[in-house]
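Below: one structure, written as structure tokens.
Residue numbers (this note's numbering): 149 to 232.
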């Protein structure tokens with residue numbers, strides 16, 4: 149199966165969520181290495197999404213912010229094609 153490059157791509161934005169369990173539970177069950185994961189993700193996608201934005205929802209305490217989009221990776225600043 150070959151992939152076809154569409155001229156008028158129907159997808160403008162995609163949001164994905166990554167979840168995992170923390171073996172050593174801290175008081176809030178938050179992985180202390182989350183910033184490391186974000187850095188590794190950015191290393192992998194920065195060639196296609198070089199602009200990183202920390203969204204206002206990332207300032208909400210983790211125990212209250214489950215399921216909120218907190219980070220955005222863009223192809224260009226102030227452009228629509230994102231990786232959040």
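Ideal Cβ positions, reconstructed from N, Cα and C, are used throughout, including at glycine.
Item: Closest by C-alpha distance to residue 202, when choosing among 167, 220 and 155; Value: 220
Item: Between the CA atoms of residue 198 and residue 153 - distance to the nearest angstrom; Value: 21 Å
Item: Continuous alpha helix (DSSP H) stretch holding residue 192: start and end; Value: 182–193
Item: 6 Å CB neighbourhood of residue 216 in its chain, flanking five on each side removed; Value: 205
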